[in-house]
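Residue numbering for the sequence shown follows full-length UniProt numbering, starting at 1 and increasing by one per position. A short write-up of the structure that comes next.
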Amino acid sequence: MSQLHQEPLEPDNGENNNEKSHLHDWVTAIGHIARHYRLEYSPGGLQAAASWQMDKPLASVIQNLGRQAGLSGRLLNEKDSEISNWRLPLVIQLKDGQVGIIESYDGLDTVGVSFISDAQLVTQLPFSELLPEIRHIAAFRPVAVAKDIRADRYLADYTPNWLRNLVLRDIRPYWYVMLASLIINIMALSGIVFSMQVYDRVIPAQSYPTLYVLFGGVMIAILFSFIMRIARGHITDLLGKRADLRVSDRVFGHALRLRNSAVPRSTGSFISQVRELEQVREMVTSSTVSAIVDMPFFLLFMGVLVVISPHLAWIAPVATILMLVPGLLLQKKLARLARQSTLETTLRNAILVESLQGLEDIKLMQAEQRFQQQWNSYIQITAQSGLKTRRLTQGLISWGMTVQNLVYATVVMIGAPMVIEGEITTGAIVAASMLSSRMIAPMTSLCGVLARWQQVKSAKDGLDNIMQLPVENGGDEARVHCATLYGDYQFKSAVFRYDLDSNQIPLRVAKLEIRRGERIAVLGRNGAGKSTFLQALAGGVELAEGELRLDNLSLPHIDVADLRRNVGLLTQNARMFHGTLRDNLTMGAPHARDEDIFAVLEVCGAADFIKRLPLGLEHKIMEGGLGLSGGQRQSILLARMLLRDPNIVLLDEPTASLDEHTERDFLQRLSGWLAGRTLIIATHRAAVLELAERVLVLKDGALVMDAPKDKAMNRAEEKKRTQEIGDESKFA
Numbered sequence: 001m002s003q004l005h006q007e008p009l010e011p012d013n014g015e016n017n018n019e020k021s022h023l024h025d026w027v028t029a030i031g032h033i034a035r036h037y038r039l040e041y042s043p044g045g046l047q048a049a050a051s052w053q054m055d056k057p058l059a060s061v062i063q064n065l066g067r068q069a070g071l072s073g074r075l076l077n078e079k080d081s082e083i084s085n086w087r088l089p090l091v092i093q094l095k096d097g098q099v100g101i102i103e104s105y106d107g108l109d110t111v112g113v114s115f116i117s118d119a120q121l122v123t124q125l126p127f128s129e130l131l132p133e134i135r136h137i138a139a140f141r142p143v144a145v146a147k148d149i150r151a152d153r154y155l156a157d158y159t160p161n162w163l164r165n166l167v168l169r170d171i172r173p174y175w176y177v178m179l180a181s182l183i184i185n186i187m188a189l190s191g192i193v194f195s196m197q198v199y200d201r202v203i204p205a206q207s208y209p210t211l212y213v214l215f216g217g218v219m220i221a222i223l224f225s226f227i228m229r230i231a232r233g234h235i236t237d238l239l240g241k242r243a244d245l246r247v248s249d250r251v252f253g254h255a256l257r258l259r260n261s262a263v264p265r266s267t268g269s270f271i272s273q274v275r276e277l278e279q280v281r282e283m284v285t286s287s288t289v290s291a292i293v294d295m296p297f298f299l300l301f302m303g304v305l306v307v308i309s310p311h312l313a314w315i316a317p318v319a320t321i322l323m324l325v326p327g328l329l330l331q332k333k334l335a336r337l338a339r340q341s342t343l344e345t346t347l348r349n350a351i352l353v354e355s356l357q358g359l360e361d362i363k364l365m366q367a368e369q370r371f372q373q374q375w376n377s378y379i380q381i382t383a384q385s386g387l388k389t390r391r392l393t394q395g396l397i398s399w400g401m402t403v404q405n406l407v408y409a410t411v412v413m414i415g416a417p418m419v420i421e422g423e424i425t426t427g428a429i430v431a432a433s434m435l436s437s438r439m440i441a442p443m444t445s446l447c448g449v450l451a452r453w454q455q456v457k458s459a460k461d462g463l464d465n466i467m468q469l470p471v472e473n474g475g476d477e478a479r480v481h482c483a484t485l486y487g488d489y490q491f492k493s494a495v496f497r498y499d500l501d502s503n504q505i506p507l508r509v510a511k512l513e514i515r516r517g518e519r520i521a522v523l524g525r526n527g528a529g530k531s532t533f534l535q536a537l538a539g540g541v542e543l544a545e546g547e548l549r550l551d552n553l554s555l556p557h558i559d560v561a562d563l564r565r566n567v568g569l570l571t572q573n574a575r576m577f578h579g580t581l582r583d584n585l586t587m588g589a590p591h592a593r594d595e596d597i598f599a600v601l602e603v604c605g606a607a608d609f610i611k612r613l614p615l616g617l618e619h620k621i622m623e624g625g626l627g628l629s630g631g632q633r634q635s636i637l638l639a640r641m642l643l644r645d646p647n648i649v650l651l652d653e654p655t656a657s658l659d660e661h662t663e664r665d666f667l668q669r670l671s672g673w674l675a676g677r678t679l680i681i682a683t684h685r686a687a688v689l690e691l692a693e694r695v696l697v698l699k700d701g702a703l704v705m706d707a708p709k710d711k712a713m714n715r716a717e718e719k720k721r722t723q724e725i726g727d728e729s730k731f732a
């Protein structure tokens, strides 16, 4: 067994830049390790994730990329960087930046290393010579032993207890919370014992020194209890924050990866479902956790109360039953109100989002009053439902506080005759009343939990609905990984649906072949299926029947990351986002150079107007590209797609917002840029046909013509001439 000497894990800036320049080699090495352990992962997804890791420390990059491939990875330090056969394979990085994999070790001084730059050919090297050149060494192990593990946690199958697993992942630190609660509750007994001793012994004996000593002890206990409460609150808040981050990350990550057919049609309702995280967040706050962890100490106080005054010990348990029974009996009604409130809130959010998105059209149509009435109607309904819920909730909380006050009074009332009869002392009744109130306090908090439980349960049901929606690259089948796709499409009796549960068929293609490098125009009337056809080519529409192959691979089985990297689709509904022009342009190419950006801007005709902006690429734009003209937005969206340098280009009405001069210049430059690429373009503009060599015509979601451009144009002319002759004969 040999010891590896490790340099510091955080090199200087120059070394960091050198490491980041070899990040692709790290991705290749991690993929090799994943295949070694027979883990299913997405090479394209791993490479896409790596493009956003350039500015992070190497240790963080290794952890994140390893997790993406189903591996737990970390940099080894000097103390645990021993090499042995059972620790192989290990990934190393030399001082010159090369990345390699140590695959074998003879136990003496020879290791088998495959360097990424050498196409992973194994080289036998003396370890003593390799050792001084090693800068970093990383170990990777499977997160779980499973033959078909899906590493990406966002793509994991739905399990009913997913939320509990995320919240309780840090279960071990809760033992410290329990320990702090134990100390707090034990310290709480000091005040009770102090009162009992003062009334029973100090006052009758008039012993001032004893009083001072007891008071000093109580102050120490109170101070220690205060420190424990602060510590417990800090721990529970920290654990709640970590749980909140994990739950939010999982839900939002899952939502981003939903299949197009599974995305809810109402944006507002979808937002409302995601916002249910707020209800879950409240349940993992310190106040709720503290109330729950204090409940077991009811039995501790019960035992102490039995010792102090057994005749009064029954009051607190009876009061607890009286306190909790109404909350339990009202759970069905609270559940019904919670479901009703969730539905009404969803409708309210839907109308709010829809109104804000279409605010300009609402003003132009003078429809403010209509939407105002809808909004007021929903607000009135939700306010009424909320009033009913708050009435019950406030009633339960008030009932709990009332019972808590009654406990104190009842103990005094029942205990007073016992004191008069000499059965118990004055200190005993004072201690019993204080202890009974202390016992019942967590139950009062529990009443609040019961009052909110159904709202949280309804929120959890809403999150469950999101987590059950299918995601891309999900399912049990393994995806096919293909680094490069060229555009050889084959349709055979293909039927497409936006929703597999719907009977509507927006597109059917009996037979069609598209060869790589072809330039095809897709024509048809509005609603003929042109946009759906492009979505089908990009994998955005569900294949319900038949077969669709891309480069002789079944398109639905191709890894989505590989498909998105090679297929560039610009839809009519493409959006720009709040941020700078650079942020929008580099969404799919986060590390593109300025010269690359301006090269595609020149192609799209947007370079001139961006250069005239005072801030250039740092110019701020609003959501949806507000502040830019339609033609400027379309040029930038085209440039954003072209910057990804796809092999297959799918364009849906790309020049609809461009004037004739800009359109003509764009088409000329695009023709040169398209060299060697496959182009399918849907259009109504005659000028766009100059790019095409072949024409497809769609009608009512079906392919009705497939011909070379010249032949298709001749048919169109003949059909137009025939129609004109028919019209003339009608008026003759």
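Every residue, glycine too, gets a C-beta built ideally from N, C-alpha and C.
Provide the residue span of the alpha helix (DSSP H) that contains residue 126, from first to last.
In the DSSP assignment, residue 126 falls outside any alpha helix (DSSP H) and lies within the beta strand (DSSP E) extending over 122-126.
Test item: CB-CB of residue 297 and residue 185 under 7 Å
Yes.
Counterpart residues of residue 110 in DSSP-defined beta bridges:
Bridge partners of residue 110: 126.
Quick check on residue 6: does DSSP put it in helix, strand or coil?
Since pLDDT at residue 6 reaches only 40, below the 50 mark, its modelled position is unreliable, and no value is offered.
Range of the contiguous alpha helix (DSSP H) that encloses residue 591
From DSSP, residue 591 is part of no alpha helix (DSSP H); its letter is neither H nor E.
Ignoring anything shorter than 3 residues or poking outside the segment 658-686, list the beta strand (DSSP E) runs there in chain order.
Those beta strand (DSSP E) runs which fall completely within the segment 658-686 and span 3+ residues are 678-682.
Tell me the rounded alpha-carbon separation between residue 64 and residue 598.
Between residue 64 and residue 598, the alpha-carbon positions lie close to 32 Å from each other.
Taking 7 Å as the cut-off, decide whether the C-beta atoms of residue 643 and residue 603 are in contact.
No. Outside cutoff.
Hey, would you say residue 62 sits closer than 7 Å to residue 139, going by beta carbons?
The Cβ atoms of residue 62 and residue 139 lie no closer than 7 Å to each other.
DSSP bridge partner residues for residue 513 (one or two, in chain order)
490, per the DSSP bridge assignment.
Inter-residue spacing [alpha-carbon to alpha-carbon] between residue 663 and residue 361:
Using only the alpha carbons, I get a separation of about 28 Å.
Proximity of residue 114 and residue 103 at Cβ, strictly below 7 Å:
Closer than 7 Å, so yes.
Near residue 404, which residues of its chain fall below 6 Å by C-beta distance, leaving aside the five closest residues on each side in sequence?
These residues qualify, in order along the chain: 440 and 444.
Taking its Cβ as the centre, do 16 or more other Cβ atoms sit within 10 Å of residue 69, making it buried, or is it exposed?
Counting every other CB atom within 10 Å of its CB across the protein chains shown gives residue 69 a total of 16 or more, marking it as buried.
Going straight from the alpha carbon of residue 256 to that of residue 395, what length do you get?
Going by the C-alpha atoms only, they are around 41 Å apart.
Exposed unless 16 or more other CB atoms sit within 10 angstroms - verdict on residue 442:
With 16 or more Cβ atoms within 10 Å of its Cβ, residue 442 is classed as buried.
Assuming residue 749 and residue 433 make a contact with CB atoms under 8 Å, what is their CB distance in whole Å?
Nothing can be reported for residue 749: it is not among the residues displayed for the chain, which extend from 1 to 732.
Can you have a look at residue 142 and say buried or exposed, based on whether 16 or more other CB atoms are within 10 angstroms of its CB?
By the C-beta density criterion, residue 142 is buried, having at least 16 other C-beta atoms within 10 angstroms.
May I ask which residues mark the beginning and end of the beta strand (DSSP E) holding residue 90?
Per DSSP, residue 90 belongs to the beta strand (DSSP E) from 90-94.
Mark residue 585 as exposed unless 16 or more other C-beta atoms lie within 10 angstroms of its C-beta, in which case mark it buried.
By the neighbour-count rule (16 or more Cβ atoms within 10 Å), residue 585 is buried.
Since residue 217 and residue 190 should fall inside the 8 Å C-beta cutoff, what is the C-beta to C-beta distance between them, to a whole number of angstroms?
Indeed, because the Cβ distance is near 7 Å, the residues count as touching under 8 Å.
Does DSSP put residue 390 in a helix, in a strand, or in coil?
Under the three-state reduction of DSSP, residue 390 is assigned to helix.
Which term fits residue 704, buried or exposed, when burial requires 16 or more other beta carbons within 10 angstroms of its beta carbon?
Flag for residue 704 reads exposed.
Please report the distance separating the alpha-carbon of residue 234 from that of residue 60.
If you take the alpha carbons of residue 234 and residue 60, they lie about 26 Å apart.
Just to confirm before moving on: does the CB-CB distance between residue 494 and residue 480 stay below 7 Å?
Their beta carbons are not under 7 Å apart, which means residue 494 does not touch residue 480 by this criterion.
What's the gap between the Cα of residue 11 and the Cα of residue 57?
Annotation note: pLDDT 41 at residue 11 (below 50); position unreliable, coordinate value reported separately. Residue 11 and residue 57: Cα-Cα distance of roughly 10 Å.
Mapping DSSP to helix, strand and coil, what is residue 140?
In the structure shown, residue 140 sits in a strand (DSSP, three-state: E or B).
Counting only the same chain and skipping the five closest in sequence on each side, list residues whose C-beta sits under 8 Å from that of residue 621.
Closer than 8 Å at Cβ, skipping near neighbours: 576, 578, 579, 580, 581, 584, 627 and 628.
Hey, out of 455, 412, 568 and 322, whose CA is closest to residue 334's CA?
Check the Cα spacing between residue 334 and each of 455, 412, 568 and 322: the tightest is with 455.
Classify residue 413 as buried or exposed, calling it buried when 16 or more other Cβ atoms lie within 10 Å of its own Cβ.
Residue 413 sits exposed, since fewer than 16 C-beta atoms from the chains shown fall within 10 Å of its C-beta.
Pull up the CB-CB distance for residue 458 and residue 652, whole angstroms please, since I reckon it's below 8 Å.
A Cβ-Cβ distance of about 40 Å is found for the pair residue 458 and residue 652, leaving them out of contact under the 8 Å criterion.
Outcome for residue 212 when other beta-carbon atoms lying within 10 angstroms are tallied against a minimum of 16:
That one is exposed.
Name the DSSP bridge partner or partners of residue 565?
Per DSSP, none; premise fails for residue 565.
Can you name, in chain order, every residue of its own chain whose Cβ lies under 6 Å from the Cβ of residue 715, other than the five neighbours on each side?
Close CB contacts of residue 715 within its chain, under the 6 Å cut and outside five residues either way in sequence, are absent.
Using a Cβ-Cβ cut-off of 7 Å (strictly less than) and excluding sequence neighbours within five positions of residue 147, which residues of its own chain qualify?
For residue 147, the predicted structure reports a pLDDT of 41, less than 50, and the residue's modelled location is therefore unreliable. The matter cannot be settled from this model.
State the DSSP-derived secondary structure class of residue 323, mapped to helix, strand or coil.
In the structure shown, residue 323 sits in a helix (DSSP, three-state: H, G or I).
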